[in-house]
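Read the structure below first, then the notes.
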Amino acid sequence: MGRLRSQVKRLSRNDEHLQKYDAVIQDQVQKGIVEVVPDEDCTNTLKHYIPHHEVLTPEKTTKLRIVFDASAKTRKKNQSLNESLHPGLVILEDPCGLLLRFRLHKVKLVADVEKAFLQVGLQPNDRDVTRFLWLKDPSMPNLENNVQVLRFTRVPFGMISSPFLLAATIKNHLTKAGTRIAYQIADNMYVDNMITGVETSTQVDELYKEAKTIFQSASMNLCEWASNSSEFLQNIPECD
0 MGRLRSQVKR LSRNDEHLQK YDAVIQDQVQ KGIVEVVPDE DCTNTLKHYI
50 PHHEVLTPEK TTKLRIVFDA SAKTRKKNQS LNESLHPGLV ILEDPCGLLL
100 RFRLHKVKLV ADVEKAFLQV GLQPNDRDVT RFLWLKDPSM PNLENNVQVL
150 RFTRVPFGMI SSPFLLAATI KNHLTKAGTR IAYQIADNMY VDNMITGVET
200 STQVDELYKE AKTIFQSASM NLCEWASNSS EFLQNIPECD
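Sequence positions in the sequence shown follow numbering that gives the first Met the number 0 and run 0 to 239.
This is the structure in structure tokens:
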């Protein structure tokens, strides 16, 4: 509550920032990424509240991002959420080998999984440790009777276990696909980035279509495609 109070006070100095901050949270509620915790919800689960704050990057497309601080402690002697979670295995590809393989391809391809962490579901019994507080009505910055409790239904970015959960989920879907292209992608993923390539224009189209299909089957969107082939970039939809 202390963090929320100081944060709302800071955001209230700029109405536009406060409105954008609230818009991000409301958008996530609409998309089912976070949910409002009902007042009567008293399930016997562990509960933890994560403080959050804004990061402003005017030069980027997303000018305001919300960052959740899973390393915050309620008291010095208490553990943070990140200190209480198992980080999981490091299953990232070796960057040196990945970049060397990338340079060998005639046609190079790079793509990004859109909002990757927020596409991985969180089990209902684990959601209460991702609770956070926000205003019911941002037009009334007063906190009294104006605070609601929300929680994530997806894996939040910023938790120490999130990179493993994302990598394991992507690898699982690619392994289930079981095709040559799926295995190629699996060997050339780095967190939420695909860094690979092919030798001919025919292979470019094949990889693009199959990669989009595989990730769509996992409810993920592979976008922000980049390539040294201007012909490929002209032939794919603007949204990609």
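From the three backbone atoms N, C-alpha and C, an ideal C-beta is built for every residue, glycine too. Note that the coordinates shown come from a computational prediction; the quantities given were computed from them, not determined experimentally.
Check, Outcome
"Three-way DSSP call (helix, strand, coil) for V89 in this model", "coil"
"Helix, strand or coil at L121 [DSSP, three-state]", "coil"
"Boundaries of the beta strand (DSSP E) in which E53 is found, first to last residue", "51-55"
"Inter-stretch contact at 8 Å, needing at least 3 Cβ pairs: the stretch 121-138 / the stretch 204-219", "no"
"Top-ranked residue by Cα proximity to M158, from V203, S70, N77, S200", "S70"
"Distance, V190 Cα to T174 Cα", "16 Å"
"Nearest neighbour of P94, chosen from R102, L88, I169 [CA to CA]", "R102"
"Same chain, Cβ closer than 6 Å to Y7, neighbours up to 5 away in sequence not counted", "The question names Tyr, but residue 7 in the sequence shown is Val. P140, listed in sequence order."
"For C222 and A167, the rounded distance between their alpha carbons", "20 Å"
"Residues that Y48 bridges to, as DSSP identifies them", "R130"
"Neighbour-count burial assignment, G1, 16 or more Cβ in a 10 Å radius", "exposed"
"Among G177, N192, S228, M188, nearest to Q202 - alpha-carbon criterion", "S228"
"Counted within 10 angstroms of its Cβ, other Cβ atoms place G31 as buried (16 or more) or exposed", "exposed"
"Residues bridged to R64 [DSSP beta-bridge criterion]", "V54"
"N- and C-terminal bounds of the beta strand (DSSP E) containing K107", "106-112"
"Three-state secondary structure assigned by DSSP to R4", "helix"
"Alpha-carbon spacing of P137 relative to Q18, whole angstroms", "7 Å"
"Run of the alpha helix (DSSP H) containing A273, from where it starts to where it stops", "Since the first residue of the chain shown is 0 and the last is 239, residue 273 is not available in this structure."
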